[in-house]
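Structure, as structure tokens:
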DNA sequence: CTGCATAGTTACCCCCAGGTGCCCATGTAC
DNA sequence: GTACATGGGCACCTGGGGGTAACTATGCAG
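Structural data, given as structure tokens:
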């Protein structure tokens, strides 16, 4: 299972990890996991995202087949975004990652505190 | 499960996703999933990583309690890195993500090809 | 004629993640 | 003396990810 993880497959993994690890993709994907949404709905739902970054993020997710974009040529424009089946499954795997975070962030915090106590913050000259 | 994903928990998730989504962390973690390794062993195993980035990556992982560093004060210096139990579990969840990649990258490639055919590459003036 | 809402696009700028290369301390071997 | 191996530290620089703001097209309300 982990034998291929940082070799050939790892390259694909890295590629997709970059896709998913950027600043906004997972926010958008999880927001869409509630159901289809329009552009402005997403912009309101994903706190702090700019118009440009929402466009960029959606284009990327659409290109990778994680999100489907449906445009209704009416006026004013009406565009809907929704997860594809692949996107749905992605939500599942990332949720398990979030489960890991949830299960361990106390330990992570403790480890950080211990580390910072040991090594000290960047207070240089002792 | 997904209700908290992009709110309070999401912030932790984002934080850890940043930790794990950087350029080298997962390579190092998966390499260490084979067993404890010394600094130079890691440097050789993780193709392309620089001395500095290996240090930086290991420090980060150590701070978060994902990697344990053991120094034997002999000469020449002998330092061993190994995954903590948390780090082990992390390998598991990320492997399931890699499984998703593996299961769908054909579809992803197809989606990209379709998208690029539809929208065209940055060949501007039609 | 003006403003507003939708769904973007474009130009411009800035910060920092990450790369390169050189320096350090120590003990052994030559 | 000097070269090598370990396990780093530190300074400097660049690219691009991401932020801000203005501009676009269209139809409807006032």
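Chains as they are written, first to last, in the working numbering: chain A, 2 to 127; chain B, 2 to 127.
For every residue, glycine included, the Cβ atom is placed at its ideal position computed from N, Cα and C.
Outcome for residue i when other beta-carbon atoms lying within 10 angstroms are tallied against a minimum of 16
i, result
"residue 98(B)", "buried"
"residue 21(B)", "buried"
"residue 120(A)", "exposed"
"residue 58(A)", "buried"
"residue 118(B)", "exposed"
"residue 61(A)", "buried"
"residue 30(A)", "buried"
"residue 49(A)", "exposed"
"residue 36(A)", "exposed"
"residue 1(A)", "Beyond the ends of chain A as shown, which are 2 and 127, falls residue 1(A); an answer cannot be given."
"residue 15(B)", "buried"
"residue 6(A)", "A caution first: residue 6(A) carries a pLDDT of 45, below 50, which makes its placement in the model unreliable, though a value can still be read off. Classification for residue 6(A): buried."
"residue 51(B)", "exposed"
"residue 112(B)", "buried"
"residue 123(B)", "Since pLDDT at residue 123(B) reaches only 42, below the 50 mark, its modelled position is unreliable, and the value read off the structure follows with that caveat. Exposed, by the Cβ-count rule."
"residue 75(B)", "exposed"
"residue 71(B)", "exposed"
Candidates the options: closest to residue i by CA position
i, options, result
"residue 68(A)", "76(A), 104(A), 50(A) and 80(A)", "80(A)"
"residue 92(A)", "113(A), 26(A), 45(A) and 58(A)", "26(A)"
"residue 96(B)", "82(B), 28(B) and 12(B)", "28(B)"
"residue 114(A)", "114(B), 66(B) and 104(B)", "66(B)"
"residue 84(B)", "108(B), 63(B) and 53(B)", "63(B)"
"residue 77(A)", "116(A), 39(A), 18(A) and 108(A)", "39(A)"
"residue 90(B)", "75(A), 106(A) and 88(A)", "106(A)"
"residue 46(B)", "102(B), 33(B) and 17(B)", "33(B)"
"residue 55(A)", "13(A), 74(A) and 23(A)", "23(A)"
"residue 109(B)", "86(A), 53(A), 42(A) and 43(A)", "86(A)"
"residue 101(B)", "88(A), 104(A), 44(A) and 100(A)", "88(A)"
"residue 17(B)", "42(B), 43(B) and 94(B)", "94(B)"
Where residue i meets chain B, residues with beta-carbon distance less than 7 Å
i, result
"residue 17(A)", "102"
"residue 116(A)", "63 and 64"
7 Å Cβ cut-off: residues of chain A touching residue i
i, result
"residue 65(B)", "109, 112 and 113"
Strand pairing of residue i, partner residues [DSSP]
i, result
"residue 72(A)", "80(A)"
"residue 39(B)", "81(B)"
Contacts that residue i makes with chain A (C-beta to C-beta distance below 9 Å)
i, result
"residue 98(B)", "14, 17, 18, 21, 91, 94, 95, 97 and 98"
Closer than 8 Å at the beta carbon, the chain A residues around residue i
i, result
"residue 106(B)", "13 and 17"
"residue 76(B)", "Those within 8 Å of residue 76(B) in chain A number zero; the least Cβ separation is about 22 Å."
Interface residues of chain B facing residue i [CB-CB closer than 9 Å]
i, result
"residue 72(A)", "Residues of chain B passing the Cβ test: none, with the nearest at roughly 12 Å."
Check: residue i C-beta below 7 Å from any heavy atom of the ligand GTP
i, result
"residue 72(B)", "Absence of the ligand GTP from the depicted structure is noted, as is the absence of any ligand whatsoever, leaving it without description."
key: Members of the stretch 30-61 of chain A near chain B, C-beta cut-off 7 Å   = For the stretch 30-61 of chain A, which is checked against every Cβ of chain B, the residues closer than 7 Å are 31, 32 and 34.
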